[in-house]
Amino acid sequence: MNNFETNYNKILKVLKGITNKEQFLRQNRQPKLKDIELIAINLTSEYLSFDSECQLFRILPEFLKHKIKRSVYNRRKRKLFFAIDFLRNEICEKLIEFENYFVVDSMPLEVVKLSRSNSSKICKEDFFSAPNRGFCASQNMHFYGYKIHAVCSVEGVFKSFDISKASVHDIHYLKDLKNQFSDCVILGDKGYLSADYQLDLFESKRIKLEVPMRKNQDNYKKQAYIFKKKRKRIETLFSQLCDQFMIRRNYAKTFDGFKTRILSKLTALTLIQYINKFIFNRNINNLKINIV
Numbered sequence: 000m001n002n003f004e005t006n007y008n009k010i011l012k013v014l015k016g017i018t019n020k021e022q023f024l025r026q027n028r029q030p031k032l033k034d035i036e037l038i039a040i041n042l043t044s045e046y047l048s049f050d051s052e053c054q055l056f057r058i059l060p061e062f063l064k065h066k067i068k069r070s071v072y073n074r075r076k077r078k079l080f081f082a083i084d085f086l087r088n089e090i091c092e093k094l095i096e097f098e099n100y101f102v103v104d105s106m107p108l109e110v111v112k113l114s115r116s117n118s119s120k121i122c123k124e125d126f127f128s129a130p131n132r133g134f135c136a137s138q139n140m141h142f143y144g145y146k147i148h149a150v151c152s153v154e155g156v157f158k159s160f161d162i163s164k165a166s167v168h169d170i171h172y173l174k175d176l177k178n179q180f181s182d183c184v185i186l187g188d189k190g191y192l193s194a195d196y197q198l199d200l201f202e203s204k205r206i207k208l209e210v211p212m213r214k215n216q217d218n219y220k221k222q223a224y225i226f227k228k229k230r231k232r233i234e235t236l237f238s239q240l241c242d243q244f245m246i247r248r249n250y251a252k253t254f255d256g257f258k259t260r261i262l263s264k265l266t267a268l269t270l271i272q273y274i275n276k277f278i279f280n281r282n283i284n285n286l287k288i289n290i291v
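Numbering (numbering that gives the first Met the number 0), first residue to last: 0 to 291.
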């Protein structure tokens with residue numbers, strides 16, 4: 000996994016097999032490093048857990064290093080957010096083409112410690128995208144930053160995700176699901192328990208939201224064990240994002256940089272799943288594994 004050039008060539012070859020486009024940005028002067036190559040560098044660094052650009056440019060092969068400067072790399076990477084998201088969606092559609100069971104959950108993304116939240120200027124360039132304080136019930140902690148809301152298939156492929164302020168309740172993310180899903184079953188924890196939302200999702204898009212009931216509710220009925228077991232898949236994915244992809248370690252100073260880092264990590268994870276399934280025919284969730 001430590002040979003950057005070999006892994007880069009493998010990932011670039013896979014990306015070129017997914018799309019024929021090599022340039023996504025309109026530029027007056029043709030850059031030496033193509034957009035698809037820059038995205039391949041980005042995803043390779045995430046796969047190899049190089050989340051620091053300073054460290055990345057130390058180990059970057061010479062034939063790539065002379066094509067782009069570090070500051071230009073950072074700016075172009077942020078501008079290519081839409082292209083990275085396009086590639087992630089293309090890969091995702093190939094992995095879960097006929098899936099109709101999904102899992103929804105959220106995870107806290109701390110930007111700075113609470114004690115530094117008042118003096119911190121990270122991601123505060125715009126009010127609507129600025130971080131704030133929130134509470135994570137599963138970890139019983141207050142934090143300052145954002146939440147990532149995500150939906151994955153029962154096999155473990157992220158279908159959809161969004162980033163919100165830390166104070167936004169999980170249940171509000173269900174409003175977005177009506178525009179992205181239909182005729183399916185979505186499993187959630189007790190944080191998504193709402194009879195009104197369940198009825199609205201079913202009547203509008205035939206989405207059945209399966210949420211365990213609280214024991215003090217009228218007509219309490221224990222949820223089937225298979226649903227509880229399948230719901231753990233997204234928790235495992237979140238753990239892998241924290242461990243291998245270090246999603247909770249933040250070096251970004253702006254919200255554009257922050258959201259690009261999050262998207263890159265999710266795309267790298269999905270790409271490794273694609274390689275596992277279609278190239279090596281092995282378990283898609285074996286992420287700490289050689290791809291060359």
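Positions of the beta carbon are idealized from the N, C-alpha and C atoms, including for glycine.
Using the C-alpha atoms, what's the distance from I35 back to M0?
Taking the sequence shown and counting its residues from 1, the one referred to as residue 0 is at position 1. Taking the sequence shown and counting its residues from 1, the one referred to as residue 35 is at position 36. Its pLDDT being 47, under 50, M0 is placed unreliably in this model, and the coordinates cannot settle the point.
Please return the same chain residues whose Cβ sits closer than 6 Å to the Cβ of Q197, not counting the five positions on each side in sequence.
Start at 1 with the first residue of the sequence shown, and residue 197 comes out as number 198. Result list for Q197: L208, in chain order.
Looking at C-alpha atoms only, which residue of A267, V103 and E4 is the closest neighbour of I233?
On the sequence shown, residue 233 is found 234 positions in, with the first residue counted as 1. With distances taken between Cα atoms, I233 lies closest to V103.
Helix, strand or coil: which one does DSSP assign to F101?
The residue labelled residue 101 in the question sits at position 102 within the sequence shown. It is a strand residue.
Can you confirm whether I170, when its beta carbon is compared against all beta carbons of chain B, has any partner nearer than 8 Å?
In the structure shown, chain B cannot be found, because there is only a single protein chain.
Nearest CA to the CA of Q272: which residue from S116, G155, S263 and K78?
Taking the first residue of the sequence shown as 1, we reach residue 272 at position 273. Comparing Cα positions, the closest option is G155.
In the DSSP assignment, find the alpha helix (DSSP H) that holds L200 and state where it starts and stops.
If you number the sequence shown from 1, residue 200 lands on position 201. A194 to K204 is the extent of the alpha helix (DSSP H) around L200.
Would you say F80 and L262 are within 8 Å of each other, going by their C-beta atoms?
Counting from 1 along the sequence shown, the entry for residue 80 is found at position 81. Counting from 1 along the sequence shown, the entry for residue 262 is found at position 263. Yes. Within cutoff.
Within a Cβ cutoff of 6 Å, which residues of the same chain sit near A251, ignoring the five residues on either side of it in sequence?
Residue mapping note: residue 251 aligns to position 252 of the sequence shown, counting from 1. Correct list, in chain order: F257 and R260.
What residue range is occupied by the uninterrupted alpha helix (DSSP H) comprising S44?
Position 45 of the sequence shown, counting from 1, holds the residue named residue 44. That run of the alpha helix (DSSP H) goes D34 to Y46.
Between which residues of its own chain and L192 is the CB-CB distance below 6 Å, once the five residues before and five after are set aside?
On the sequence shown, residue 192 is found 193 positions in, with the first residue counted as 1. Residues of the same chain with a CB within less than 6 Å of the CB of L192, apart from the 5 flanking positions on each side, are V210 in chain order.
Quick one: measure Cβ to Cβ for I290 and K9, integer angstroms, because I've assumed they're closer than 8 Å.
Residue mapping note: residue 290 aligns to position 291 of the sequence shown, counting from 1. Residue mapping note: residue 9 aligns to position 10 of the sequence shown, counting from 1. Correct: roughly 6 Å between the Cβ atoms.
So, with DSSP's three-state summary, where would you put I142?
Mapped onto the sequence shown, residue 142 falls at position 143. Checking the displayed sequence, the identity of residue 142 turns out to be Phe instead of Ile. In this structure, F142 counts as strand in the three-state DSSP scheme.
Between the stretch 180–191 and the stretch 210–219, are three or more C-beta pairs nearer than 8 Å?
yes
Report the residue from D125, Y145 and C151 whose alpha carbon sits nearest the alpha carbon of T235.
In the sequence shown, the residue the question calls residue 235 occupies position 236. Out of D125, Y145 and C151, C151 has the C-alpha closest to the C-alpha of T235.
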